[in-house]
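All residue numbers for the sequence shown refer to our numbering, where the first residue is 11 and numbers rise by one.
For glycine and all other residues, C-beta sits at the position ideal for the given N, C-alpha and C.
First the structure, in the form of structure tokens, and then the observations on it.
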Amino acid sequence: MSPSITVRVPAKVNIHLAVHAARPDGFHDLSNVFLAVGLYDEVTASLSDSLRVSCSGPEAQHTPLGCDNLAHRAAARLAAHHDIKPAVHLHLSKHIPVAGGMAGGSADAAGALLACDTLWETSTSSADLLALCAQLGSDVPFSMAGGAALGTGRGDRLAPLEVNGTFRWVLAVADAGLSTPAVYQEFDRLDDGPRTADPAIPRALLDALRGGDAAALADSLRNDLQAAALSLNPMLGATLLAGTEAGALEGLVCGSGPTTAFLAADSASAMSIAGALLKSGTCRTVHVVEGPVAGATVIG
Ligand code: C5P
């Protein structure tokens, strides 16, 4: 057994998030196109007498370390699955914003599952790992899988999508996070009647991904949660305006927010959008990233 295993897991942006009617269990059926982007958390698992979580890095400050931490829950669940003791110390190197709409907690859960499975040599099948991911949260299967995928159901039933080329994004991180349940509640409150529950993804979006065409992708972006996120944090309107005025092809809120994502035509444009966003004073920090990238990966 190795003394420690490190797994790297990406953040995601949602490039098409269609939210359908609320279900009796409180979740909403989604047509959710995920793209994994190159902003990563790292999860290091080391043998220990008991299960504990520690954290460092630029986003460590707001990360809960107890049983509420998704990585903690992931390790406990994998151990229960194999009927073994969850004897592990998980260290999170946090770069994905907490409560930012970028699946940071989900990334840590996927990372913990893969790191513990490797450390404990439990050889969990891919199907069982994905089932455990779905039990932990709607976005966790995608954090494990990475790339680009359509998520249906709660967003946890994945079908991979073909992408040729790479898209460049600027991520603007807001001062304070938003709670995902609160954003879905606000979505329900703002909802003005029955919506057509068309699960189909527009052909133009699929063609833009296949063709690696950023301008066409910009025309196809959709996030049904954006109005709810803006209602809870109206400052995001100023961030969106600053990014589009700086030359972004399009900007949108990432998932339930409040991080905003700006699609850039090329690397030079991404750098200048990032500079303008920082200067605008409408966000805490920015990241220039590319996607799609691979999902959870053992790196050491
Ligand atoms: O699955 P996850 O734990 O990430 O979901 C967090 C919350 O987001 C849920 O409790 C629910 O309020 C909301 N949600 C939803 N529909 C989804 C996914 C999440 O209503 N498809």
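| Query | Result |
| --- | --- |
| Hey, would you say Gly257 sits closer than 8 Å to Thr270, going by beta carbons? | no |
| Using 10 angstroms around the beta-carbon of Ile25, count the other beta-carbons present and answer buried if the total reaches 16, otherwise exposed. | buried |
| Under the three-state reduction of DSSP, which class applies to Arg220: helix, strand or coil? | helix |
| Within the continuous beta strand (DSSP E) that includes His297, where are the two ends? | 295 to 301 |
| Looking at C-alpha atoms only, which residue of Tyr50, Asp201, Val298 is the closest neighbour of Pro68? | Tyr50 |
| Taking 8 Å as the threshold (C-beta atoms), are Ala158 and Leu100 in contact? | no |
| What does the alpha-carbon distance come out to for the pair Cys264 and Leu250? | 11 Å |
| Assign Gly187 to buried or exposed, taking buried as 16 or more other Cβ atoms, counted over all protein chains shown, within 10 Å of its Cβ. | buried |
| In whole angstroms, what is the alpha-carbon distance linking Ser66 and Ser290? | 28 Å |
| Could you pull out every residue in the same chain whose Cβ sits closer than 8 Å to the Cβ of Leu129, ignoring the five residues on either side in sequence? | Met11, Ser12, Ser14, Ile15, Ala55, Ser56, Leu57, Val98 |
| Under the criterion of a Cβ to heavy atom distance below 7 Å, does Asp78 qualify as lining the ligand C5P? | no |
| What residues match up with Lys322 in a beta bridge as DSSP calls it? | Nothing in the structure corresponds to residue 322, since the chain is present only between 11 and 310. |
| Where does Leu188 sit, in a helix, a strand or coil, going by DSSP? | coil |
| Does the Cβ of Asp149 lie closer than 7 Å to at least one heavy atom of the ligand C5P? | yes |
| Which complete beta strand (DSSP E) runs does the segment 56 to 92 hold, if anything under 3 residues is left out? | 62 to 66 |
| Helix, strand or coil: how does DSSP classify Gly114 here? | helix |
| Can you tell me whether Tyr50 sits near the ligand C5P, meaning its C-beta is under 7 Å from at least one heavy atom of the ligand? | no |
| Mapping DSSP to helix, strand and coil, what is Gly285? | helix |
| Could you check which residue in Glu196, Glu260, Ala125 has the C-alpha nearest to that of Leu181? | Glu260 |
| Could you check if Ala214 is buried or exposed, using at least 16 other CB atoms within 10 Å of its CB as the buried criterion? | exposed |
| Can you tell me the Cα-Cα spacing of Asp198 and Ser133, whole angstroms? | 41 Å |
| Closest by CA to His237, which one among Val23, Arg18, Val29, Val17? | The sequence shown places Ala at residue 237, not His. Closest option to Ala237, Cα to Cα, is Val29. |
| CB Ala119 to CB Arg83, shorter than 8 Å? | yes |
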